[in-house]
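Asker: For the sequence shown, UniProt numbering begins at 1 and goes up steadily by one. Ideal placement from N, C-alpha and C gives every residue a C-beta, glycine not left out. Let me give you the structure first, and then I'll get to my questions.
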Amino acid sequence: MKNKRKIISILLSIIIIIFFPVLSISKENKNCFLNYGKEQISLEYFSEICLTPGENESMLNFSWYSKYSHGTSKIKIWEKGAKERIFEGESIDIGNGFISNKVTVTNLKANTTYIYSYECDGLWSQPLEYKTQDFQNYTFVFMADPQIGASSKKMKSNEDGVEKDAYNWNKVIKKSVDKSNNPSFIVCGGDVTNATEDSYDLSKTYKSNLEYSGFLSPSYLRHIPIANAIGNHDKDNENFCNHFNMPNLTNLGETIAGGDYYFTYGNTLYLFVNTNNLNISQHKKFIDEAVEENKDMKWKVAVFHHDIYGGGQHEDDKDIKILRSEMPPILEDSKIDLVLCGHDHIYSRTYPLKNNEKIMDFTVERLENSKEKVDIIKNNEGITYITGSSSTGSKFYKQDKNKSKYIKKIYSEEIPTYTVIEIKQDLINIITYEVNRDKPVDNKIIIQK
């Protein structure tokens with residue numbers, strides 16, 4: 001068995017080296033819903049590094065693939081004009097022709113520009129810039145279901161589908177970064193790619209590698225950390241846990257892609273729950289322990305892939321019914337303020353909910369000297385659930401004919417969306433935009449506490 005895996009690994013390495021050095025996404029791709037910009041996106045699979053939030057705001061996680069291991073993975077980082085620091089981490093042979101490298105950097109300061117470089121196959125990369133933001137008042141961007149490669153069914157080849165989705169993924173990130181004025185990080189609601197790798201099927205492994213190249217291709221991911229929930233298309237894919245360096249990763253709620261994990265940033269605790277695993281008692285243990293260890297956090301945000309209150313076609317799925325029955329009491333007991341989901345490929349936002357009932361203690365107001373409507377939720381007892389639409393346009397679902405009684409707003413146009421979330425000491429501001437005109441698809445939401 002081991003010899004067979006070794007032979008397959010060698011064959012895969014040869015295939016990738018020969019046939020998969022560089023792909024490029026042309027600005028002339030007429031299948032993209034966004035057709036601006038002059039840049040080309042490189043899909044050089046094995047060299048792209050990905051940043052992930054660290055355990056707290058002063059830490060940053062790095063992960064990247066290489067073809068060879070030199071015993072340890074290394075990052076060097078420095079402030080402009082200051083002495084460099086070198087951090088070492090894990091270097092693991094993942095058995096598919098590549099090495100997974102993971103390093104954590106510590107003692108970062110707010111509002112500071114850093115330069116970093118990483119070692120890959122015995123060479124140091126070109127210096128790259130990473131700028132920290134304010135640690136107390138900051139924004140992050142939420143998106144869901146990029147599902148790179150899902151467009152392949154409508155295209156001539158897998159490569160064409162990945163090119164289209166990666167191009168759009170890059171453009172959506174660009175728009176969200178511009179709108180949010182440099183977010184501290186990105187949160188993705190899962191289903192980062194479409195295919196699952198298979199060490200015994202070279203074509204599936206090649207397809208998964210190609211899709212991860214597309215997902216990692218935007219240059220923004222070299223400068224902005226991204227925290228991903230584990231989607232149903234990710235749960236059985238080792239590429240997920242090998243490509244991303246998840247902080248405080250546990251074996252609770254575990255699938256092949258990884259388990260539940262969390263991080264803190266400023267005054268907020270972010271809980272990522274792998275809802276593909278329906279062992280609810282494990283999720284409860286994870287949430288209870290993370291909340292207990294971080295009692296001083298004012299805000300608590302939970303992120304998981306499966307939308308339990310949305311208006312899409314998954315509403316009556318067996319796993320959704322289980323999660324809708326079992327998860328809300330756990331979240332409510334832990335006083336979660338906001339839940340971010342994906343899966344239904346339709347944007348929706350619930351009323352504040354508690355005990356599966358709407359909490360109507362909120363007001364709808366107009367901002368002074370503006371036509372903009374704002375939903376203000378004051379000291380709410382319930383939880384607001386937001387589901388992101390497709391962030392690339394690779395796949396859309398239809399709205400369920402009977403709108404869920406839990407939903408305050410739904411947007412089912414086949415236009416990708418992104419959500420900008422601002423965290424302050426006493427409030428959370430939330431605005432969701434469609435990407436074509438950067439037009440809000442919902443009222444602005446303010447959660448006060």
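On a Cα-Cα basis, can you pick out the residue from LEU278, CYS241 and ASN232 that is closest to TRP64?
Answerer: Here residue 64 refers to the residue found at position 64 when the sequence shown is read from its first residue. The shortest C-alpha separation from TRP64 is found at CYS241.
Asker: Comparing C-alpha positions only, which one of VAL301, THR196 and ASP198 sits nearest to LEU331?
Answerer: Your numbering for residue 331 matches position 331 in the sequence shown. Out of VAL301, THR196 and ASP198, VAL301 has the C-alpha closest to the C-alpha of LEU331.
Asker: Look up MET297 in the DSSP assignment and say whether it is helix, strand or coil.
Answerer: Start at 1 with the first residue of the sequence shown, and residue 297 comes out as number 297. DSSP places MET297 in coil when its eight states are reduced to three.
Asker: By the DSSP assignment, the alpha helix (DSSP H) with TYR212 in it spans what residues?
Answerer: Along the sequence shown, one-based indexing puts residue 212 at 212. Its alpha helix (DSSP H) spans residues 202 to 216.
Asker: Select from ILE86, GLU434 and LYS405 the residue whose C-alpha is nearest the C-alpha of THR419.
Answerer: Here residue 419 refers to the residue found at position 419 when the sequence shown is read from its first residue. Taking only the C-alpha atoms, the option nearest THR419 is GLU434.
Asker: If we count Cβ pairs, one from each stretch, closer than 8 angstroms, do we get three or more for the stretch 337 to 347 versus the stretch 385 to 399?
Answerer: The stretch 337 to 347 vs the stretch 385 to 399: in contact.
Asker: Using 8 angstroms as the cut-off, can you tell me whether the stretch 283 to 298 makes contact with the stretch 309 to 322, which would need three or more C-beta pairs spanning the two stretches below that distance?
Answerer: At 8 angstroms Cβ cutoff, the stretches do not touch.
Asker: What is the DSSP secondary structure of SER404, counted as helix, strand or coil?
Answerer: As a working mapping, residue 404 is identified with position 404 in the sequence shown. In this structure, SER404 counts as coil in the three-state DSSP scheme.
Asker: Check whether the stretch 107 to 126 and the stretch 61 to 77 are in contact - that is, three or more C-beta pairs closer than 8 angstroms.
Answerer: The stretch 107 to 126 is in contact with the stretch 61 to 77.
Asker: Where SER26 and ASP160 are concerned, what is the direct C-alpha to C-alpha distance, given to the nearest angstrom?
Answerer: For the purposes of this step, residue 26 is identified with residue 26 of the sequence shown, where counting begins at 1. For the purposes of this step, residue 160 is identified with residue 160 of the sequence shown, where counting begins at 1. Bear in mind that a pLDDT of 37 at SER26, under 50, signals an unreliable position, so the model cannot answer this.
Asker: Helix, strand or coil for ILE99 per DSSP?
Answerer: Here residue 99 refers to the residue found at position 99 when the sequence shown is read from its first residue. In the structure shown, ILE99 sits in a strand (DSSP, three-state: E or B).
Asker: Could you check what DSSP says for ALA227 in three-state terms: helix, strand or coil?
Answerer: Looking up residue 227 in the sequence shown gives position 227. Note: ALA227 maps to strand in three-state DSSP.
Asker: Helix, strand or coil for ASN158 per DSSP?
Answerer: Here residue 158 refers to the residue found at position 158 of the sequence shown. ASN158: helix per DSSP, three-state reduction.
Asker: I'd like to know whether the C-beta atoms of THR205 and GLU211 end up nearer to each other than 8 angstroms.
Answerer: One-based indexing of the sequence shown puts residue 205 at position 205. One-based indexing of the sequence shown puts residue 211 at position 211. Against a cut-off of 8 angstroms, the Cβ pair of GLU211 and THR205 comes out as no contact.
Asker: Going by Cα to Cα distance, which pick from SER91, ILE421 and ALA144 is closest to LEU338?
Answerer: Residue 338 sits at position 338 when you count from the first residue of the sequence shown. The shortest Cα separation from LEU338 among SER91, ILE421 and ALA144 belongs to ILE421.
Asker: Report the rounded CA-to-CA distance for ILE376 versus ILE224, giving the unit in angstroms.
Answerer: Stepping through the sequence shown from its first residue, residue 376 is reached at position 376. Stepping through the sequence shown from its first residue, residue 224 is reached at position 224. C-alpha separation (whole angstroms): 30 angstroms.
Asker: Going by alpha carbons, who is nearest to GLN448 out of ARG437, VAL441 and ILE430?
Answerer: The residue labelled residue 448 in the question sits at position 448 within the sequence shown. Cα-wise, what sits closest to GLN448 is ILE430.
Asker: In or out: ASN276 buried (at least 16 other Cβ within 10 Å) or exposed?
Answerer: Here residue 276 is taken as the residue at index 276 of the sequence shown, counted from 1. It is buried - the Cβ of ASN276 has at least 16 other Cβ atoms within 10 Å.
Asker: Excluding the five sequence neighbours on either side, which residues of its own chain have a C-beta within less than 6 angstroms of the C-beta of SER390, listed in chain order?
Answerer: As a first step, residue 390 is located in the sequence shown; it is residue number 390 there, counting from the start. Cβ within range, chain order: ASP145, HIS345, PHE396 and PRO416.
Asker: Keeping to the same chain, check which residues put their C-beta closer than 6 angstroms to that of TYR265; ignore five residues upstream and five downstream.
Answerer: As a working note, residue 265 is residue 265 in the sequence shown. These residues qualify, in order along the chain: GLU57.
Asker: Just mark MET360 as buried or exposed, buried being the case when its beta carbon has 16 or more other beta carbons within 10 Å.
Answerer: As a working mapping, residue 360 is identified with position 360 in the sequence shown. Flag for MET360 reads exposed.
Asker: Can you tell me which of the three DSSP states PHE286 falls into?
Answerer: Counting from 1 along the sequence shown, the entry for residue 286 is found at position 286. DSSP places PHE286 in helix when its eight states are reduced to three.
Asker: Pick out whichever of PHE62, ILE115, ILE226 and MET143 has its Cα sitting closest to the Cα of LYS83.
Answerer: Translated into the one-based positions of the sequence shown, residue 83 becomes position 83. Minimum Cα distance to LYS83 is reached at ILE115.
Asker: Check the DSSP bridge columns for TRP78 and list the partner residues they point to.
Answerer: The residue you call residue 78 lines up with position 78 of the sequence shown. ILE115, per the DSSP bridge assignment.
Asker: Output yes or no for whether 8 angstroms exceeds the beta carbon distance between GLY190 and ASN248.
Answerer: Within the sequence shown, residue 190 is the residue found at index 190, counting from 1. Within the sequence shown, residue 248 is the residue found at index 248, counting from 1. No. Outside cutoff.
Asker: Using 8 angstroms for Cβ pairs, my map puts CYS50 next to PHE244. What's the rounded Cβ distance?
Answerer: Stepping through the sequence shown from its first residue, residue 50 is reached at position 50. Stepping through the sequence shown from its first residue, residue 244 is reached at position 244. Contact holds; Cβ gap of about 6 angstroms.
Asker: Go to LYS109, then tell me how far its alpha helix (DSSP H) extends in each direction, as first and last residue.
Answerer: Walking along the sequence shown from the start, residue 109 turns up at place 109. First-last for LYS109: undefined, no H or E at that position.
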